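Peer 1:
Protein chains: 2
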Amino acid sequence: MNSKEPTANPFREGLSSRTVPEPCSVIIFGATGDLTRRKLIPALYNLAADGNLPSSVKIIGFARRSKSDGAFRADLEEATRQFSRQPVDDAVWETFADQVFYHCSEFDDLEGYRSLSAKLDAMDKKEGTCGRRLFYMAAGPDQFPSILKNLRESGLNKAPEGGWARVILEKPFGKDLPTARELNRLAGEAFPEADTFRIDHYLGKETAQNIMVLRFANSIFEGMWNARCIDHVQILSSEPLGVEGRGGYYDKSGALRDMVQNHLLQLLCLTAMEPPTDLSANSIRDEKVKVLRSLRPIRRGGSLPVVVRGQYAEGAVHGKPVPGYRQEADIPPDSATETYVALEVNIDNWRWAGVPFFIRIGKRLPKFATEIAVHFKAVPPVLFQGISGGLDHNVLVIRIQPDEGVSLRMSAKMPGSSLRIEPVKMDFHYGTSFGKASPEAYERLLLDAMSGDATLFARCDEVEEAWRFIDEVREGWDADDAGLCFYPAGSWGPEEADALLARHGLTWRRV
Amino acid sequence: MNSKEPTANPFREGLSSRTVPEPCSVIIFGATGDLTRRKLIPALYNLAADGNLPSSVKIIGFARRSKSDGAFRADLEEATRQFSRQPVDDAVWETFADQVFYHCSEFDDLEGYRSLSAKLDAMDKKEGTCGRRLFYMAAGPDQFPSILKNLRESGLNKAPEGGWARVILEKPFGKDLPTARELNRLAGEAFPEADTFRIDHYLGKETAQNIMVLRFANSIFEGMWNARCIDHVQILSSEPLGVEGRGGYYDKSGALRDMVQNHLLQLLCLTAMEPPTDLSANSIRDEKVKVLRSLRPIRRGGSLPVVVRGQYAEGAVHGKPVPGYRQEADIPPDSATETYVALEVNIDNWRWAGVPFFIRIGKRLPKFATEIAVHFKAVPPVLFQGISGGLDHNVLVIRIQPDEGVSLRMSAKMPGSSLRIEPVKMDFHYGTSFGKASPEAYERLLLDAMSGDATLFARCDEVEEAWRFIDEVREGWDADDAGLCFYPAGSWGPEEADALLARHGLTWRRV
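In order, the protein sequence lines correspond to chains A and B.
Residue 1463 is where the first sequence ends in our numbering, and the numbering goes up by one at each step.
Residue 1463 is where the second sequence ends in our numbering, and the numbering goes up by one at each step.
#1: Residues in the region 1448-1463 of chain A with C-beta within 9 Å of chain B's C-beta atoms, listed in sequence order?
#2: I need the DSSP call for GLU1290(B), collapsed to helix, strand or coil.
#3: Under the three-state reduction of DSSP, which class applies to PRO1284(A): helix, strand or coil?
#4: Rounded to the nearest angstrom, what separates GLU1029(B) and ILE1011(B) at their Cα positions?
#5: At what residues does the beta strand (DSSP E) containing ILE1172(B) begin and finish?
#6: Is the beta carbon of ASP1183(A) sitting closer than 9 Å to the one on ALA1330(A)?
#7: In the DSSP assignment, find the beta strand (DSSP E) that holds VAL1312(A) and state where it starts and stops.
#8: Verify the CB distance criterion: does LYS1377(B) have a CB-CB separation below 9 Å to chain A?
#9: Give me the Cα-Cα distance between ALA1325(A) and ASN1170(B), rounded to the nearest whole angstrom.
#10: What does the Cβ neighbour count give for LEU1256(B), buried or exposed, with the cut at 16 atoms within 10 Å?
#11: Keeping to the same chain, check which residues put their C-beta closer than 8 Å to that of PRO1173(B); ignore five residues upstream and five downstream.
#12: Would you say ASN1162(A) reaches chain B, if we count a Cβ-Cβ gap shorter than 9 Å as a contact?
#13: Quick one: which chain B residues come within Cβ less than 8 Å of LEU1399(A)?
#14: So is VAL1464(B) in contact with chain A if we call contact Cβ pairs under 9 Å?
#15: Identify every run of the alpha helix (DSSP H) within the region 1351-1435 of chain A, keeping only runs that are complete inside it and at least 4 residues long; order them along the chain.
#16: GLU1191(B) by DSSP, collapsed to three states: which one?
#17: Using C-beta distances below 6 Å, list every residue in its chain close to HIS913(B), excluding the 5 sequence neighbours before and after it, in chain order.
#18: Using a C-beta to C-beta distance shorter than 8 Å, which residues of chain B count as neighbours of MET1176(A)?
#19: Nearest chain B C-beta to ARG1396(A) closer than 9 Å, yes or no?
#20: Listing by chain order, which chain B residues have their CB less than 9 Å from the CB of ASP1230(A)?
#21: Is LYS1315(B) buried or exposed, if buried means 16 or more other CB atoms sit within 10 Å of its CB?
#22: Within this structure, are the beta carbons of LEU1086(B) and ALA1142(B) separated by less than 9 Å?
#23: Since HIS1345(B) meets chain A, which of its residues come closer than 8 Å, beta carbon to beta carbon?
#24: When burial is assigned at 16 or more other CB atoms within 10 Å of the CB, is GLU1417(A) buried or exposed?
#25: Taking only the alpha-carbon atoms, compute the straight-line gap between GLU1424(A) and ASN1298(A) and give it to the nearest angstrom.
#26: Is the beta carbon of ALA1449(B) sitting closer than 9 Å to the one on ARG1245(B)?
#27: Between which two residues does the beta strand (DSSP E) containing TYR1264(A) stretch?
#28: Pull up the CB-CB distance for ASP1128(A) and TRP1429(A), whole angstroms please, since I reckon it's below 8 Å.
#29: Looking at the strands, I want to know which residues DSSP matches up with ALA1023(B).
#30: Tell me the start and end of each unbroken beta strand (DSSP E) in the region 995-1055 of chain A that is at least 3 residues and wholly inside, in chain order.
#31: Quick one: Cα of LEU996(A) to Cα of PHE1149(A), how far?
#32: Confirm, please, whether the CB-CB distance from GLU1158(B) to LYS1365(A) is below 9 Å.
#33: Does SER1359(B) come within less than 9 Å of chain A when only Cβ atoms are used?
#34: Using only the alpha-carbon positions, how far apart do GLY1126(A) and PRO1097(A) sit?
#35: Kindly list, in the order they appear in chain A, the residues whose Cβ is closer than 7 Å to that of TYR1382(B).
#36: Nearest CA to the CA of GLY1368(B): which residue from GLU1395(A), TYR1088(A), TYR1201(A)?
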């Protein structure tokens, strides 16, 4: 990649030396949508409340519905009070809300962009935002082409003298490799890669960021981080929720596209990548792309099944009866969309030869959890075999959510006059250890985009390589509708998934 | 070693399968001394209270002073109420005390042993102890030869048909190699090595026993337990106490003999030994002896000083002024006895080539602590150099006392929008994890001796190899009285000790 490297790299600078970004304007396309209300505005408010926002940040909501600034602000205030991670302070909200504006336009109406441009030019002069503009694509993905085209035609994609123009793309980045390529092409026509920020909010989570620190700042971990010492890795993302009113979108997407292609492959990359040459955004992303390129393709008709897809049937979650997926609103009664995926991924490189990575993701599972569990090889069975209690192998668990932290399962002698070995846990909790809550992922990512730091965003080739891998899995499925397994809501998924591990002599980790 | 291997090996059996030892009698020489009152009787009482003693255990105190069984029991009751780790239950004490007897005799009076023999024979018939006899040498070391000789001459060293006769030796096992050899010779004339139990109460502590489990039941530790991954090891034993009325004994011994020759070299052996072929007492002790044989001799006039000996001067501990060592009762005003030792030990074998082990032990230091700190090598300074917070290397700390447990220091990202790396600790506490207090070391060791398990006791060759190493250190000192350094009571020892580590670019770990 030879795209321009951003200059402000927080990996190079401590908290004290990191400066608050310069004043800028943030234009949100899809300003009346759920993402804006639940995530973006609460994140921006919290950044302001914590003193992390530039002295002047103008937020312009761009959407179709006619609405006054006042009505827009009132709407966002209600949302922020509901979704903010900290209580909303009236005075701080007042000051914050004064910087929020509404711009009414259809996404495909060039005039709306021209008037936005005029509005931004006026602001630049009056408010000191100086032509620094961050365009946030929070609208539906079908609107992206139209928005990108109009940004280009209105000239908004070009920053005024001394400013910058950046775009944040929300997932999905396409729905397969061809659509992702087309989206990358469209985005590339409007913005250079270095100004294109593809957001993956998993990468904004503290523990995801901590994976690299854990690995490369601790000799005990990196020294064992290879096929000689590691037996296998399990990456889990589970939630008790169903489709929750997103049925229309979800049924066209499914778990593989919605979660695996982006979030879980990103976690896999962070776990498996080689040490980068430095901590610049492109060096890190170069290494992640190398992992994606090393993934052994999962092709239709492989000798052994390495993928299981499931769909929840009716069942009970936390004791409450819930309907099956096909009974949910907006879901066709014969839908073959997967709400669960389990797959064995092999990384064909020197470090990981023979070490399977198992990914498991699903809706209507018993618990809400995202974690990476690194299972180390067992000790040779030469000293403690036959000891009561038995010997479990060591497992390092990186908990992404909830209760971010790290734990290490090890074997210890139980107190008492005879030898009884029990598994115990050394534990580290982010919250209690640092005495403060982690900021929300969106806070970090918005600030990074304002600073021009792309480290935690996906590069175009990452996205495309991930799709290349995922598309082959899908192609196998499309040819074989019979492959869908059903599991009762509230269970840990279809039984067929156990077989994936059983043939390695393994079981899924209990969470 | 071809001494007979005991059959009951608790390392082979779980708690549930470990049987309570058979009935026996325990004869304590030096029954009115401090060790009996503070440790042995409280330990035996606690074993009884927890149901771990055989159905019949007769305890016979052997000492010079004339005393009735009743007076002896009353005396022990007072001591047990003071020193027991759990409150004394009146009913349990009654039952326990009924099994305690007093036998009055000089240690060098053969008649006293003959009458003891008759008493034991009568008991064997009446009480079912069946000729199983455990002799505990809790008298002063100068009495050992006389007691051993009389045991032999009275025939008490030979078990009656179907029974056994074992001896427990308390430290000091001699005061140098020649005296240790002489003691081993005397003990060997009376008892075979397999029936000779040299007690080192550090080995009875749960965490000391856990060192082997940690190392050999956890692939993540043993895989890194070598010169490739470990930078150095620090073994610390510190206490705020002074000589506490033991001045007469202590001044003839000193820290090197009193603590390093036994306790600290044992901890070093457990930390450094190769995996034994099995968990039998002799296999384990074979490996410990190999470590002692690999210790690089510390000879007088070596090119660099690797030993620092210190003596506390007056100072303050926990804010309270305390006198210097030479001002303590029974200490000559020009005593050159060391109350502090720091030494660099090198183990010349493949595993530990180039990894120094630093031992530090002292009285009148600020804290009470015994720990083994394994310092792993630093990560290569290629990614996170210059990051604020800095990078500490990983340290695995095995806490022997107080608060037994294990912790691992690692580097983690501090929550926040920039990269700040802080050391954090993963921690495991014995007490809270298993929800019960560890039994006292003497409980475990007494039970092991009754069961004939010598795993946690020192073998004759271990003791002699340790003395060989220690004697060379002492010889250097005796030739150079000027080498004694003074440190204020309440400090962490003489400044000269810092230089031992400084030349490796290291510092002593802060506790």
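Yeah, the Cβ is synthetic: ideal placement off N, Cα and C, and Gly gets one too.
Predicted model only: the values in this text are computed from it and were never measured.
Peer 2: Result, derived from the coordinates:
#1: Along the region 1448-1463 of chain A, none of the residues has a CB nearer than 9 Å to a CB of chain B.
#2: Of the three classes helix, strand and coil, the one that applies to GLU1290(B) here is coil, per DSSP.
#3: In this structure, PRO1284(A) counts as coil in the three-state DSSP scheme.
#4: Their backbone Cα atoms lie some 14 Å apart in a straight line.
#5: DSSP places ILE1172(B) in no beta strand (DSSP E) but in the uninterrupted alpha helix (DSSP H) bounded by 1171-1174.
#6: Result yes, Cβ atoms of ASP1183(A) and ALA1330(A) sit closer than 9 Å.
#7: Position check: residue 1312(A) holds Arg in this sequence, whereas Val was assumed. The continuous beta strand (DSSP E) containing ARG1312(A) extends over residues 1309-1314.
#8: Yes, because at least one Cβ of chain A sits closer than 9 Å to the Cβ of LYS1377(B).
#9: One C-alpha to the other measures close to 16 Å.
#10: Within a 10 Å sphere around the beta-carbon of LEU1256(B) sit fewer than 16 other beta-carbons, which makes this residue exposed.
#11: The sequence given here has Phe at residue 1173(B), not Pro. Answer for PHE1173(B): LEU1166, ARG1167, LEU1348, listed in chain order.
#12: So yes, ASN1162(A) belongs to the interface.
#13: Within chain B, the residues near LEU1399(A) are SER1369.
#14: Since the first residue shown for chain B is 953 and the last is 1463, residue 1464(B) is missing from the structure and cannot be characterised.
#15: Counting only runs of 4 or more, we get 1382-1386, 1393-1403, 1412-1430.
#16: GLU1191(B): coil per DSSP, three-state reduction.
#17: The first residue shown for chain B is 953 and the last is 1463, placing residue 913(B) beyond what the model contains.
#18: Correct list: ILE1172, GLY1175, MET1176.
#19: Judged by the 9 Å Cβ criterion, ARG1396(A) is in contact with chain B.
#20: Within 9 Å Cβ-Cβ: VAL1334, LEU1335.
#21: Result: buried.
#22: Contact: no.
#23: Residues of chain A passing the Cβ test: SER1171.
#24: That one is buried.
#25: Rounded to whole angstroms, the gap between the alpha carbons of GLU1424(A) and ASN1298(A) is 14 Å.
#26: No. Outside cutoff.
#27: 1259-1265 is the extent of the beta strand (DSSP E) around TYR1264(A).
#28: Wrong, their Cβ atoms sit about 12 Å apart, outside the cutoff.
#29: Residue pairing by DSSP places ALA1023(B) opposite no residue, since no beta bridge is assigned to it.
#30: Entirely contained in the region 995-1055 of chain A, the beta strand (DSSP E) runs reaching 3 residues are, in chain order, 1009-1015.
#31: Roughly 17 Å between the two C-alpha positions.
#32: GLU1158(B) sits close to LYS1365(A), with the two beta carbons spaced by under 9 Å.
#33: Look at SER1359(B): its C-beta is under 9 Å from a C-beta on chain A.
#34: Here the alpha carbons of PRO1097(A) and GLY1126(A) stand approximately 11 Å from one another.
#35: Within chain A, the residues near TYR1382(B) are PRO1367.
#36: Nearest of GLU1395(A), TYR1088(A), TYR1201(A) to GLY1368(B), Cα basis: GLU1395(A).
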